[in-house]
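Residue numbers (this note's numbering): 139 to 731. Glycine included, each C-beta is placed from N, C-alpha and C at the ideal position. These numbers come from a predicted model, not from an experiment. Reviewing the structure listed below.
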């Protein structure tokens, strides 16, 4: 039996589990692992500037292509604690990433050694598993189990903590004999699916709520096929956006308090039956449950049995992987259609499209300083259906979800549950690293952009080009808008007069200088009529220099974006809505007055 260090065995297992890329920051306690990484070859490593950034890069990498698992590596102590936000974000959105940390020698772990922290205990609440490996011979089994866990049931992240002496210990291990463990995923039965379709067929105005679990299962084509077979309109959740193209005749729009369409909420409120697949009834989607559930029957399909009934009790629940369930949904629907036993939904589907043509928000404004709505209008013109958008939270994300268009799964890459500021830059780098051939466009407000701005240097160093749209109003815009309910405007304004860039007025941070100082290109735009040219120039610069390119749009200081406090029928439209086609020139459907 070949002998090698436990660290080398771990690297060989990563390769045999399909890992080709990793993100991280080396340190003393993880250096033996890095030595093995270098000696083994075959895994491309991207050096981050912050370990939290590396964890978000791993998330972006996983979210880009089916089967991807991002790997984040760091040393002992603060490197592990820096990963916690990434683990939380990955857990919330059912994203498998593997976090690997170094640790103090086993003999001193409990003796307050330098940078020795019980990272496994800290990480357990936000991971599927977190283990400090105390015996070198257990390393292969722990890594094998980690991949099994990440892929089985509801996907999620795992942390493995490796004391430095464990990494250096030689063990018997033959990489050529290693085999990954098969993943376990619950599967619906035919009888369960027949029951669900019976309930759907008994309704008059059904909808499918398509969640991120469908994308995780790589089952978007099946969902679309089932919707088309049955003529059922689809409401994608924020995490499921792209499962059905925005311009498809069965796309009924998004629902919710914030990231929703006027027509999406209106269509939902007209429905009498909802089939939820791979979704978790998030509160920003449902709003108050009494209104959301009133007058409707629900069927819920989810890979995690404990998710069914967690938010409210459906009329029927099925614990199943989305792909396994949808294969049966399509099979049964085809048989029923051939037998002439599927109701005609054409009138109901047509009514959802009528609302899509009538209930639109205005995006065209010529104001200077510019309104954010105009930015998204120009983005729709400049960036085509192949674009992968990446964003996290804030008014920029909310308005972007209301006004941008997405046509494919994994082309809206959004941290949905955790929403950590600073996520966007490193996640975008992970996405661009995973798919260098597809255009990547990130979207941030100024505060999200500043949180992990140093990671732009990673894109410059490693030649990872993408375009980053930065909407700058020198405010914590979403928090300011929320503070209206408390009649305050407190500690949310970021303005100051920058003595080194007086031309900015009160907009403070000179993002162009900072981006350029980090090795990237940047363009500042103050006139909305110049946005289109700036986006085209950004695409050219990214292609020429192979670095991130920032397009900063200077916004009016205060804009309130459409949203509701608690109920999806009470969305406050702060701006006038579209009343003529010129108000929303990039809307999916021409405005019907």
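Distance from the CA atom of residue 408 to the CA atom of residue 388, rounded to whole angstroms, is 15 Å.
For residue 349, the secondary structure class from DSSP, reduced to helix, strand or coil, is coil.
Residue state for residue 188 is assigned as coil, using DSSP reduced to three classes. Per DSSP, the continuous alpha helix (DSSP H) segment holding residue 484 begins and ends at 484 to 496.
Below 8 Å, enough C-beta pairs join the segment 233 to 246 and the segment 286 to 298 to call them touching: three or more. Segment contact: the segment 668 to 678 against the segment 518 to 535, three or more CB-CB distances shorter than 8 Å; contact assigned. Between the C-alpha atoms of residue 354 and residue 204 there is a straight-line separation of about 7 Å. Taking C-beta atoms as the reference points, residue 331 and residue 467 count as a pair closer than 8 Å. Straight-line spacing of the CA atoms in residue 359 and residue 440 works out to 18 Å. In this structure, the straight-line span from the alpha carbon of residue 579 to that of residue 275 is close to 45 Å.
Exclusion of the five residues before and after residue 178 leaves 149 as the residues of its chain whose Cβ lies within less than 6 Å of its Cβ. Note that the segment 163 to 178 does not touch the segment 544 to 560; fewer than 3 beta-carbon pairs, one per stretch, sit closer than 8 Å. Rounded to whole angstroms, the Cβ separation of residue 305 and residue 144 is 6 Å, and the two are in contact under 8 Å. In its chain, beyond the 5 residues on either side, 254 have a beta carbon closer than 7 Å to the beta carbon of residue 246.
For residue 435, the enclosing beta strand (DSSP E) begins and ends at 435 to 440. No Cβ-Cβ contact shorter than 8 Å links residue 532 with residue 194. For residue 330, the enclosing alpha helix (DSSP H) has its first and last residue at 328 to 340.
In the three-state reduction of the DSSP assignment, residue 427 falls in the helix class. Close CB contacts of residue 698 within its chain, under the 7 Å cut and outside five residues either way in sequence, are with 619, 712 (chain order). Per DSSP, reduced to three states, the secondary structure at residue 510 is helical. From the listed residues 576, 631, 600, the smallest Cα separation to residue 611 is found for 631. Less than 8 Å divides the Cβ of residue 552 from the Cβ of residue 530. In this structure, residue 302 places its C-beta atom within 8 Å of the C-beta atom of residue 170. Bounds of the alpha helix (DSSP H) holding residue 618 are 615 to 621. Following the DSSP letters along the chain, one finds residue 297 inside the beta strand (DSSP E) bounded by residues 296 to 301. DSSP places residue 374 inside the beta strand (DSSP E), whose first and last residues are 372 to 374. Distances from the alpha-carbon of residue 244 to those of 256, 607, 496, 326 put 256 closest.
According to DSSP, residue pairing for residue 142 in a beta bridge involves 309. Contact between residue 361 and residue 471 fails: their C-beta atoms lie close to 12 Å from each other, not under 8 Å. Secondary structure at residue 475: helix, using DSSP grouped into helix, strand and coil.
Ranked by how close their Cα comes to the Cα of residue 232, the residues 596, 320, 556 have 556 in first place.
Here the segment 684 to 693 makes contact with the segment 585 to 605; the two share three or more CB pairs at distances below 8 Å. Look at residue 421 here: in three-state DSSP terms it is helix.
In the three-state scheme derived from DSSP, where H, G and I count as helix and E and B as strand, residue 344 is classed as strand. Fully contained in the segment 515 to 554 are the following alpha helix (DSSP H) runs of length 4 or more, in chain order: 533 to 541. The beta-carbon distance between residue 333 and residue 459, rounded to whole angstroms, is 18 Å. This is too long to meet the 8 Å contact definition.
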